[in-house]
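Here the protein sequences line up with chains U and C, keeping their order. For the record, in the first sequence the residue sitting at position 202 is 217 according to the numbering used here, with numbers rising by one throughout. For the record, in the second sequence the residue sitting at position 175 is 190 according to the numbering used here, with numbers rising by one throughout. The beta carbon of each residue, even a glycine, is placed where N, CA and C say it ideally should be. Computed from a predicted model, the values in this text were never measured in an experiment. Okay, structure first, notes after.
Number of protein chains: 2
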Amino acid sequence: MVKKARTPSRRDEALTREQIIDAAIELLDASGEAGLTLRALSARLATGPGAIYGHIADKSDLLTAACDVLVARTLDEAPPSAAPDATIRALALALFDAIDAHPWIGSALGAAPGRLPMVRILDRVGRQVRALGVPEAAQWRATSALLGYILGIGGQNAANGQLAREQGLDRTDFLDSMAATWAMLDPAEYPFAHAIAAQMREHDDRADFLAGIDLLLAGLAAARRKR
Amino acid sequence: MVKKARTPSRRDEALTREQIIDAAIELLDASGEAGLTLRALSARLATGPGAIYGHIADKSDLLTAACDVLVARTLDEAPPSAAPDATIRALALALFDAIDAHPWIGSALGAAPGRLPMVRILDRVGRQVRALGVPEAAQWRATSALLGYILGIGGQNAANGQLAREQGLDRTDFLDSMAATWAMLDPAEYPFAHAIAAQMREHDDRADFLAGIDLLLAGLAAARRKR
DNA sequence: ACCTGAACACCGTTCAAGT
DNA sequence: ACCTGAACACCGTTCAAGT
Chain U
16 MVKKARTPSR RDEALTREQI IDAAIELLDA SGEAGLTLRA LSARLATGPG
66 AIYGHIADKS DLLTAACDVL VARTLDEAPP SAAPDATIRA LALALFDAID
116 AHPWIGSALG AAPGRLPMVR ILDRVGRQVR ALGVPEAAQW RATSALLGYI
166 LGIGGQNAAN GQLAREQGLD RTDFLDSMAA TWAMLDPAEY PFAHAIAAQM
216 REHDDRADFL AGIDLLLAGL AAARRKR
Chain C
16 MVKKARTPSR RDEALTREQI IDAAIELLDA SGEAGLTLRA LSARLATGPG
66 AIYGHIADKS DLLTAACDVL VARTLDEAPP SAAPDATIRA LALALFDAID
116 AHPWIGSALG AAPGRLPMVR ILDRVGRQVR ALGVPEAAQW RATSALLGYI
166 LGIGGQNAAN GQLAREQGLD RTDFLDSMAA TWAMLDPAEY PFAHAIAAQM
216 REHDDRADFL AGIDLLLAGL AAARRKR
């Protein structure tokens, strides 16, 4: 009694919000933030641009939703650990890597303060700050310092990646050309930037990122000892 | 022998890059990043949109240049101090306030890695890191941690400000509505965000920002002691 | 040499018309 | 009820034509 071949009205199944978000992620991963266009999206979904507005409020809503899917996945996959500071390092590193792999997440997070993806991160990091023994009155400060740092570095890294992609260079060549530009700066006006250019070539973004997290954790530990 | 009234060809004086940048800053301050439009800009300068392209490469070049003017001014006006850590605090706070007053600087900085405004900040902060006695091999790490933090918090703050403006709320009402949203979250799924919502209402962004800088400086001091 | 502004190739979003 | 896609009101950018 099963119909072998129902005649579909226009598409086999109704358009869902989830389908739209998945297609948006594919577009964003393939060609960056500029690649997410309502027209490109509707073409990929074999529909008209208007159909999408039945499932999302607007483009920024879609971008935040796409970001949230990846953030939720990233946080879920971060390896848990017994020690809160090790867990914070693992969470931070997982987010760093996710933003590195999908640079558009960086700007999407920056544009969505207080929205769900940010709340997910806040909550996961905040729970570990609490477990670290930071007194309740200082928990907000400590957590938002960690979040600011993670998003700040992540955002810069994402911008580097986007720029490198636009110029068709890989990461190393891109950093090399940046270092070369800095090396040409007037040493009298920009002494530090001029001098540091040499270090740019041999540095490790990921290790430097973690070193900053450790700096913040060390600061928290110092405050705890003083208490 | 001075001509009292030269007949101007079409405008009294030739268009300059500086005029364009100043007009862009006015537009950005008046109506945010969305307010900077080549059409609005050319209307304000009493010319056609094409004329502007003789003086700037493209819109992102213009945004970076506008950002650079404000960053240079901000750094120049930051009160100098004898102690390097006090100078770092002053620089950070000056940048925080500048981004708060001109939220578009936040995203402009994020979009311009390695460009002049970022180099200015890197250099000024880096010189103080050096003066702090951080060993040369660790100077890049320490400086980029500070920069990441400053831009990260600045960016979030800017996003808050932009969002608040779009909703026609002042800062307090905006944070209140955000806290209210968080308070409604499922405490089982988001225990920290749910609990921290109450602290949102009474916190001081500026003081919290500085506390994070102090955390980083404390971490640097701890590393120095261990050396 | 520099400005002018129409024109081009796009956007996000809406909405009458279809099914 | 949901999709369709033409249409609207914009963009950044270019370039022949002017002065």
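*Please say whether L78(C) and I67(C) have beta carbons closer to each other than 8 Å?*
no
*To the nearest angstrom, report how far apart S24(C) and L51(C) are at their CA atoms.*
For S24(C), the predicted structure reports a pLDDT of 42, less than 50, and the residue's modelled location is therefore unreliable. The matter cannot be settled from this model.
*Cβ shell of A195(U) (< 8 Å), same chain only, five flanking positions each side left out*: A212
_Contact set between R142(U) and chain C, taken where Cβ atoms lie within less than 7 Å_ = P206 and F207
*CB contact check: P128(C) to chain U, cutoff 8 Å*: yes
*Nonlocal neighbours in the same chain, by C-beta distance under 8 Å from G227(U), ignoring five residues either side*: Y164 and I168
*Could you name each continuous alpha helix (DSSP H) segment of 4 residues or more that falls completely within the region 87–148 of chain C, going from the start of the chain to the end?*
99–116, 119–125 and 131–146
*Quick one: give me the first and last residue of the alpha helix (DSSP H) that P64(U) is part of.*
P64 to I67
*Cβ-heavy atom distance between V134(U) and the ligand NAP below 7 Å?*
With respect to the ligand NAP, the structure shown offers nothing to examine, as it has no ligands at all.
*asked:* Counting only Cβ pairs nearer than 7 Å, list the residues of chain U close to L178(C).
replied: P128
*Is the CB of R186(U) under 8 Å away from at least one CB in chain C?*
no
*Could you tell me whether any Cβ in chain U is nearer than 8 Å to the Cβ of W243(C)?*
Because residue 243(C) is not part of the residues shown, which for chain C are 16 to 242, the question remains open.
*Give the residues of chain U in contact with S159(C), contact being defined as C-beta atoms less than 7 Å apart.*
D223
*Is it right to say P202(C) is buried, meaning 16 or more other beta carbons lie within 10 angstroms of its own, or is it exposed?*
exposed
*Rounded to a whole number of angstroms, what is the C-alpha to C-alpha distance between E217(C) and L124(C)?*
29 Å
*asked:* Taking the alpha carbon of L190(U) as the reference point, which residue from I136(U), E33(U), A179(U) and L200(U) has its own alpha carbon closest?
replied: A179(U)
*Start and end residues, alpha helix (DSSP H) containing P202(U)*: Counting along the chain, P202(U) falls outside any alpha helix (DSSP H), and DSSP gives it neither H nor E.
*How would you write the range of the alpha helix (DSSP H) that A55(C) sits in, first residue to last?*
L53 to R59
_Contact list for H218(U) against chain C, beta-carbon separation under 9 Å_ = W155, R156 and S159
*What does a CB cutoff of less than 8 Å around S46(U) pick up in its chain, not counting 5 residues either side in sequence?*
none
*I114(C) and A173(C) look like a contact to me (Cβ under 8 Å); what is the Cβ gap, rounded to whole Å?*
5 Å
*Please classify D138(C): is it buried, with 16 or more other beta-carbons within 10 angstroms of its beta-carbon, or exposed?*
buried
*What is the DSSP secondary structure of D188(U), counted as helix, strand or coil?*
helix
_Contact criterion: CB-CB distance below 8 Å. Does I120(U) meet it with respect to chain C?_
no
*Once you ignore the five residues that flank P128(U) on each side, which residues in its own chain have a CB closer than 8 Å to its CB?*
none
*For the region 95–113 of chain U, enumerate the residues whose C-beta is nearer than 7 Å to any C-beta of chain C, in chain order.*
none
*Under 8 Å from the C-beta of G50(C): neighbouring residues of chain U*: Per Cβ cutoff of 8 Å: no residues; G50(C) is ~17 Å from chain U at best.
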